[in-house]
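Engineer:
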Amino acid sequence: RLCYFNGSVMPVEKASVNIEDRGYQFGDGVYEVIRVYHGKPFAMRRHLMRLSRSLKAIRMDFPDLEQSLHKVAEQLIRDGKIEHGYVYLQVTRGAAPRDHLFPLAPLPPVLSATITPCPLRTPEQFEQGGKAVILSDDRWLHCNIKSLNLLPNVLAKDEARRRGADEAVLARDLHTVTEGASSNVFIVRDGIVFTHPDGPLILPGITKEIVLEIAGELNITVCQQPFTVGQLRQADEVFITDTIHEVHPIVAMDGIKIGDGAAGPVARALQNAFTEYWHDTIAG
Ligand code: PLP
Numbered sequence: 005r006l007c008y009f010n011g012s013v014m015p016v017e018k019a020s021v022n023i024e025d026r027g028y029q030f031g032d033g034v035y036e037v038i039r040v041y042h043g044k045p046f047a048m049r050r051h052l053m054r055l056s057r058s059l060k061a062i063r064m065d066f067p068d069l070e071q072s073l074h075k076v077a078e079q080l081i082r083d084g085k086i087e088h089g090y091v092y093l094q095v096t097r098g099a100a101p102r103d104h105l106f107p108l109a110p111l112p113p114v115l116s117a118t119i120t121p122c123p124l125r126t127p128e129q130f131e132q133g134g135k136a137v138i139l140s141d142d143r144w145l146h147c148n149i150k151s152l153n154l155l156p157n158v159l160a161k162d163e164a165r166r167r168g169a170d171e172a173v174l175a176r177d178l179h180t181v182t183e184g185a186s187s188n189v190f191i192v193r194d195g196i197v198f199t200h201p202d203g204p205l206i207l208p209g210i211t212k213e214i215v216l217e218i219a220g221e222l223n224i225t226v227c228q229q230p231f232t233v234g235q236l237r238q239a240d241e242v243f244i245t246d247t248i249h250e251v252h253p254i255v256a257m258d259g260i261k262i263g264d265g266a267a268g269p270v271a272r273a274l275q276n277a278f279t280e281y282w283h284d285t286i287a288g
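Here you go:
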């Protein structure tokens with residue numbers, strides 16, 4: 005597999021990180037995951053805008069962000085000969101002798117990227133859906149920053165796996181549902197879609213953003229308002245969105261069926277329109 009590091013593309017094994025990189029020692033950095041369809045990055049501008057907001061939130065400057073990261077992604081896709089996959093982009097504050105305080109004079113940021121092949125989603129995967137469990141959302145209160153500090157998310161995913169599920173749905177005080185360990189969460193009740201509003205408690209997902217636009221075009225009513233674990237368990241449909249899974253039904257929660265335990269019509273309509281959307285954007 006190929007990566008981008010220190011200005012060039014090389015095999016992943018050839019890249020070596022300075023052990024005093026602040027990303028390595030403090031998780032002092034941010035990242036993005038961008039889907040590649042038919043050899044083209046999807047929704048790149050939206051991802052770079054979010055990256056730029058994350059950088060600003062951690063008080064980092066990255067001059068020429070958009071242009072240089074576009075180039076990195078395109079070079080990786082070309083050299084890796086990737087048809088369908090995803091690019092992981094990471095920016096850290098740089099390397100310096102370990103100290104919580106970062107130097108006042110900015111360090112050169114360290115940019116790295118990998119590319120991973122990933123087949124297109126199949127209708128079978130959609131229809132099969134996934135299982136989730138509810139876990140306590142014990143993360144910090146800046147979840148809108150796509151930060152490298154993912155320990156709570158990593159542990160939540162492991163706990164989900166231990167309980168035989170694919171995703172952890174996180175809820176503050178086990179009451180208000182925020183998002184998944186690596187996805188945004190939606191419920192459908194009487195044809196109306198509910199999802200947690202953007203803000204410090206969730207990551208503003210790019211897939212969520214696009215799905216909300218699509219829902220508007222399909223005349224599906226969406227309420228961006230918090231909902232409870234109880235409302236989620238009683239929902240007609242539950243689905244998650246993220247860059248890798250697009251729109252993905254959750255058919256069981258804590259081992260109990262959601263609705264009739266199958267992919268639902270609202271999620272299906274949104275997934276179909278999402279596929280059409282990326283086809284159109286890539287072609288255009
Ligand atoms: N929420 C969290 C915590 C995530 O890690 C992710 C993506 O990995 C998402 C939401 C979905 O974001 P996106 O649609 O931009 O992939």
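5 is the number of the first residue of the sequence shown in UniProt numbering; add one for each residue after it.
Note that the Cβ used here is the ideal one computed from N, Cα and C, for glycine as well.
Measuring only between beta-carbons, confirm whether H179 sits less than 8 Å from chain D.
Structural biologist: Considering every chain present, this structure includes no chain D. It has just one protein chain.
Engineer: Are the beta-carbon atoms of V242 and G195 separated by less than 8 Å?
Structural biologist: Position 238 of the sequence shown, counted from the first residue, corresponds to residue 242. Position 191 of the sequence shown, counted from the first residue, corresponds to residue 195. No, Cβ-Cβ distance for V242 and G195 is not below 8 Å.
Engineer: Work out the CA separation of G288 and T211 for me, nearest whole Å.
Structural biologist: The residue you call residue 211 lines up with position 207 of the sequence shown. The residue you call residue 288 lines up with position 284 of the sequence shown. T211 and G288: Cα-Cα distance of roughly 19 Å.
Engineer: Is the distance from the Cβ of P45 to the Cβ of V91 below 8 Å?
Structural biologist: Translated into the one-based positions of the sequence shown, residue 45 becomes position 41. Translated into the one-based positions of the sequence shown, residue 91 becomes position 87. Cβ atoms of P45 and V91: closer than 8 Å.
Engineer: Could you give the C-beta distance for Q229 and F198, rounded to a whole number, given that I count them as a contact under 8 Å?
Structural biologist: As a working note, residue 229 is residue 225 in the sequence shown. As a working note, residue 198 is residue 194 in the sequence shown. About 6 Å; that satisfies the 8 Å criterion.
Engineer: Helix, strand or coil for T180 per DSSP?
Structural biologist: To locate residue 180, count along the sequence shown from 1; it is residue 176. DSSP places T180 in strand when its eight states are reduced to three.
Engineer: Considering only heavy atoms of ligand 1, does any lie closer than 7 Å to the CB of E183?
Structural biologist: The residue you call residue 183 lines up with position 179 of the sequence shown. Checking the Cβ of E183 against ligand 1 gives yes.
Engineer: Pull the bridge partners of I260 from the DSSP assignment, please.
Structural biologist: If you number the sequence shown from 1, residue 260 lands on position 256. Its beta-bridge partners are M257.
Engineer: Considering Cα atoms alone, identify which of F278, A109, K75, R272 is closest to E217.
Structural biologist: Working through the sequence shown from its first residue, we reach residue 217 at position 213. Selected option, being the one with the closest Cα: F278.
Engineer: Which residues in the same chain as S56 place their Cβ atom closer than 7 Å to its Cβ, once the five residues preceding and following it in sequence are excluded?
Structural biologist: Taking the sequence shown and counting its residues from 1, the one referred to as residue 56 is at position 52. Here the set comprises L69.
Engineer: Return helix, strand or coil for L205, following the three-state DSSP convention.
Structural biologist: Looking up residue 205 in the sequence shown gives position 201. Here L205 sits in coil by DSSP.
Engineer: Ordered along the chain, which non-local residues of its own chain (more than five positions away) have a Cβ less than 7 Å from that of P107?
Structural biologist: Walking along the sequence shown from the start, residue 107 turns up at place 103. Hits under 7 Å: A100.
Engineer: Taking DSSP as the reference, what is the three-state secondary structure of P87?
Structural biologist: In the sequence shown, counting from the first residue as 1, residue 87 sits at position 83. In the sequence under discussion, the amino acid at residue 87 is Glu, which differs from the Pro named in the question. Here E87 sits in coil by DSSP.
Engineer: Excluding five sequence neighbours on each side, which residues of the same chain lie with their C-beta closer than 8 Å to the C-beta of T285?
Structural biologist: The residue given as residue 285 occupies position 281 in the sequence shown. Result list for T285: F46, A47, in chain order.
Engineer: Below 8 Å on the Cβ atoms is my contact criterion, and I expect P113 with V95 to pass it. Report the Cβ-Cβ distance as a whole number of Å.
Structural biologist: Residue mapping note: residue 113 aligns to position 109 of the sequence shown, counting from 1. Residue mapping note: residue 95 aligns to position 91 of the sequence shown, counting from 1. Between V95 and P113 the Cβ distance is about 5 Å, and since that is below 8 Å, they are a contact.
Engineer: Drop a sphere of 10 angstroms on the beta-carbon of H104, count the other beta-carbons inside from all chains shown, and report buried for 16 or more, exposed for fewer.
Structural biologist: Along the sequence shown, one-based indexing puts residue 104 at 100. Classification of H104: exposed, given that the 10 Å Cβ count is below 16.
Engineer: Quick one: is G11 buried, meaning 16 or more other Cβ sit within 10 Å of its Cβ, or exposed?
Structural biologist: Start at 1 with the first residue of the sequence shown, and residue 11 comes out as number 7. Per the 10 Å Cβ criterion, exposed.
Engineer: As a quick exercise: from I119, P156, G234, F130, pick the residue whose alpha carbon is nearest that of G31.
Structural biologist: Stepping through the sequence shown from its first residue, residue 31 is reached at position 27. If we check each option's Cα against that of G31, P156 comes out closest.
Engineer: Please work out which residues of its chain come closer than 7 Å, Cβ to Cβ, to E131, disregarding the five sequence neighbours upstream and downstream, and give them in chain order.
Structural biologist: Looking up residue 131 in the sequence shown gives position 127. Correct list, in chain order: A267.
Engineer: For Q275, count neighbouring Cβ atoms within 10 angstroms of its own Cβ and tell me buried if that reaches 16, exposed if not.
Structural biologist: Position 271 of the sequence shown, counted from the first residue, corresponds to residue 275. Classification for Q275: buried.
Engineer: Counting pairs of Cβ atoms below 8 Å between the stretch 141-154 and the stretch 236-255, do you hit three or more?
Structural biologist: No, the stretch 141-154 is not in contact with the stretch 236-255.
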